[in-house]
Structures are given as C-alpha cells and as structure tokens.
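S.K.:
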Amino acid sequence: MMESVASRIPPFETFYVEHRDEVLGVLRKSLGGDRAEDAFQETFLRALRAYDRLSHGEHLRAWVLTIARNVALDVHRRTRPTGEMPELAHVDGLPAFVELGELTDGLPSTERAAVVLRYGYDLDYDRIAEALGSSPEAARQAASAGVRRLRTRTGRRAG
Amino acid sequence: MTVPADLDHRFRAAAARSGLLDAAFDTIDSPLGQLFVAVTDRGILRISFDSDPAEHLERIARLAGGAILRSPRAVDAARFELEEYFDHRRRAFDLAVDLRGATAFTERVLQELARVPYGHTATYGELAARAGRPQAARAVGMVMNRNPIPIVLPCHRIVGASGDLVGYAGGLARKVELLRLEGAIL
Chain E
0 MMESVASRIP PFETFYVEHR DEVLGVLRKS LGGDRAEDAF QETFLRALRA YDRLSHGEHL
60 RAWVLTIARN VALDVHRRTR PTGEMPELAH VDGLPAFVEL GELTDGLPST ERAAVVLRYG
120 YDLDYDRIAE ALGSSPEAAR QAASAGVRRL RTRTGRRAG
Chain A
0 MTVPADLDHR FRAAAARSGL LDAAFDTIDS PLGQLFVAVT DRGILRISFD SDPAEHLERI
60 ARLAGGAILR SPRAVDAARF ELEEYFDHRR RAFDLAVDLR GATAFTERVL QELARVPYGH
120 TATYGELAAR AGRPQAARAV GMVMNRNPIP IVLPCHRIVG ASGDLVGYAG GLARKVELLR
180 LEGAIL
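And the structure:
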C-alpha cells in the first residue's frame, strides 16, 4: 500500500541521523573507544560512497549495520592478524535475519553476510558489495558459495 | 548510545572533504533571522528564510541527488560573504550560483537580476526588457517570487513601476530591511 513511500531513499542526512547512535553502539561493543570512532567515520563514508547507487530505501538499517560489522572485522584483521574473529553484535529484531542467521551459522563471515543480505533482505549485489567492501561480482560469488556450502551441509546431514 | 558532538562534526567535515556529497547545507544567523543555505560543487543552490531543513531536503535530493548532509564547513564561504554583506563590508557577492532545474527563461532573468547593482532598484518591466521579453513583467514577478537564492540574487531590488515595493517571498518587512541596509530607501 505504501510501497512507493516506504521504498523511497531518504536524504543521506535523514539516514545518518536515524542510524548514527546505533552504529556507534555496535562499534563500541566490538572495538571499544578510539577505534570505534575511526570505524564510525569509515562506516558512514562507505555508506555515503554507495548511497547514490541505492535502488530503494528498504532495509537501510540492516545495510548500515552490516557495513559497520565489516568495518569492525577489517579493524580486527589489521590489529590481530592471527587472532580469532571476535563475536560481533548482531543485527536483531528482523525475522529473516534471525532465521537465516541460525541457518547460516558456521559459514565463513563474508559468505554468511552475503547470503543473509541477499536472501534475508533481498538486497542487490551492488549494495552487498559496499557492505562487504568488495565488488558486486565478488558479492555474488560469496552468496553462491555460501548457498553451495549450505546445500552440501544440509545434504550431508540428510544423508 | 549518543554520538558525541565532536565525532559528529568530524564525520560531517570528512564527508564534505570526501567529494562524495551531492549537496551540503547548514543554517546561518543573519539580522533577518536564520537562513537555510545549501551548496553544491557548482555553487549556492538554495537560500531560504524558512530555516527548517526538513522543508528543503526532499526537493534538493530531487535536484542534486540524495547524498546530502549538514556540514557547516561546506557552507563557510557563503556564510562569510553573507556576514560581510550584512555588516556593510560587501556590496557584491563572489559566490557562484547553481541554477540547475531552472528553465532557460528563469535563468536569463536571474542572470539579469544579478546585474542590478547594490543600493539600486529596477522595476519588473525593466528586468523583463533586459531579459529580452519586455512584455513579460508578470512572468518576471513569478520568477522573483520563486527565486531560489534570495539576497545573493537580489530580487529585493525589484519593485513595481510606481515605486511600490509590491511583495517579497520572505515577507515585505525583509525586503524593506534589505533595501534600507543598502541605502536604497530611507
């Protein structure tokens, strides 16, 4: 009914003001203090870089939180090259993510993010690519690799 | 968790520096009240006496693109020149203007408008004639009424044939105040 209104892309100012507090919260939880502030800037600059390419305004919260999570992962990779990936805050409150979240548990993080954003949120590969900091083609490959891995896993369980 | 003001400022400045913004805006203080000012890489896109950004952002997004952010730094050049103008230290603006979205006629009228000097007035008919359409005084009135960049494009200097001030989109009181500031009326 309100499709055209719901999917309109808000001006970046509106998007930024709506999500900045939550993004900083997520980043503080996974990175702490100063690193969170750098990651905050990087997150919204990545979002800004992709903003003109958005085709609709749905799931912007999931989108920006995924960007934040990937920025945080990049920071962890840089600072702890051999360390384990930390437990990062989840995008919660959205059924598709929760269901797919359980289903995709155990996938490599890039594949997992690609699968959830593609099939949970119906995002196109341009936007997934921006969230992952990669190309649309790499995002597509990550999603299909994730799906293949899931099929294999489900098949193995069934058999 | 609330984003601290200094982090917010740093992000907005970084965004303005990044070249990624389609437009930046801020509100600035003036003797005529708060002004909304929006700029692009081409120049000033909008000045309004209605200082509530919510009134402007959707329209600016349609004109320039959705990557719009409040950024005081991006609006500094406009802020300084307007401050000088209101402080009687500037009689002509060096700011570029971004007239995207204007029709050819509107653009021609606004270009002629920009040539009406500080402290002087012209009539709607005179401006129509200078724009090559001597019969179009009424249409020129409409263009003045919808002037996207008042003050810098001085529609306050355009008056009726009998010398009446006629009207001003920002309210007649502001027109009077601007003409007084320039010494065009007592």
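If you're matching them up, the sequences are chains E and A in order. Be aware that the first sequence starts at 0, since it is given in numbering that gives the first Met the number 0, and climbs by one per residue. Be aware that the second sequence starts at 0, since it is given in numbering that gives the first Met the number 0, and climbs by one per residue. The C-beta atom is built at its ideal place from N, Cα and C for all residues, glycine as well. These numbers come from a predicted model, not from an experiment.
In this structure, how does DSSP classify A/Val96 when only helix, strand and coil are distinguished?
M.R.: Correct three-state label for A/Val96: strand.
S.K.: With DSSP collapsed to three states, give me the class of A/Ala66.
M.R.: Coil, per DSSP.
S.K.: Pop quiz: E/Pro135 and A/Gly65 are said to be a contact at Cβ under 8 Å. What is the actual Cβ separation, rounded to whole angstroms?
M.R.: Actually they do not touch by this definition, with Cβ atoms about 20 Å apart.
S.K.: The region 106–136 of chain E: which residues have C-beta closer than 9 Å to a C-beta of chain A, in chain order?
M.R.: Those would be none; no residue qualifies.
S.K.: Contact check, A/Pro52 vs A/Phe10 under 8 Å by CB: the rounded distance?
M.R.: Not quite, the Cβ-Cβ distance comes to about 17 Å (not below 8 Å), so this is no contact.
S.K.: Grab the span of the beta strand (DSSP E) containing A/Phe48 for me, first residue to last.
M.R.: Per DSSP, A/Phe48 belongs to no beta strand (DSSP E) and is neither H nor E.
S.K.: For E/Arg19, decide whether its Cβ has a neighbour in chain A, counting only Cβ atoms nearer than 8 Å.
M.R.: Yes, E/Arg19 lies at the interface with chain A (some Cβ there is under 8 Å from its Cβ).
S.K.: If we call anything under 8 Å between Cβ atoms a contact, is A/Arg78 one with A/Ile27?
M.R.: A contact, by the Cβ cut-off of 8 Å.
S.K.: Could you spell out where the alpha helix (DSSP H) holding A/Ala13 opens and where it closes?
M.R.: A/Ala13 -> alpha helix (DSSP H) spans Ala4 to Ser17.
S.K.: Cβ atoms of E/Thr42 and E/Asp16: under 8 Å apart, would you say?
M.R.: Before going further, note that residue 16 of chain E is Val rather than Asp in the sequence given. Not a contact, by the Cβ cut-off of 8 Å.
S.K.: State the Cα-Cα distance for the pair E/His18 and A/Leu6, rounded to the nearest angstrom.
M.R.: Spanning the two alpha carbons is a distance of roughly 14 Å.
S.K.: Taking just the CA atoms, how far does E/Leu106 sit from E/Glu86?
M.R.: The predicted model places E/Glu86 with a pLDDT of 48, which falls under 50 and marks its position as unreliable; any figure quoted below should be read in that light. Rounded to the nearest angstrom, the two C-alpha atoms are 14 Å apart.
S.K.: Quick check: the Cα distance between A/Pro30 and A/His155, rounded to an integer number of angstroms?
M.R.: The alpha-carbon atoms of A/Pro30 and A/His155 are separated by roughly 15 Å.
S.K.: Going by DSSP, name the residue or residues bridged to A/Thr122.
M.R.: Note: A/Thr122 sits in a beta bridge opposite A/Val158.
S.K.: Run through DSSP, which three-state label would E/Gly32 get?
M.R.: Residue state, collapsed to three classes: helix.
S.K.: Quick check: the Cα distance between A/Gly182 and A/Gly118, rounded to an integer number of angstroms?
M.R.: C-alpha separation (whole angstroms): 6 Å.
S.K.: When the cut-off is 8 Å and only beta carbons count, does E/Asp51 lie next to chain A?
M.R.: Closer than 8 Å: yes.
S.K.: What's the gap between the Cα of A/Tyr84 and the Cα of E/Ala67?
M.R.: Whole-angstrom Cα-Cα distance: 44 Å.
S.K.: In terms of residue numbering, what span does the alpha helix (DSSP H) encompassing A/Val175 cover?
M.R.: First-last of the alpha helix (DSSP H) with A/Val175: Leu171 to Leu180.
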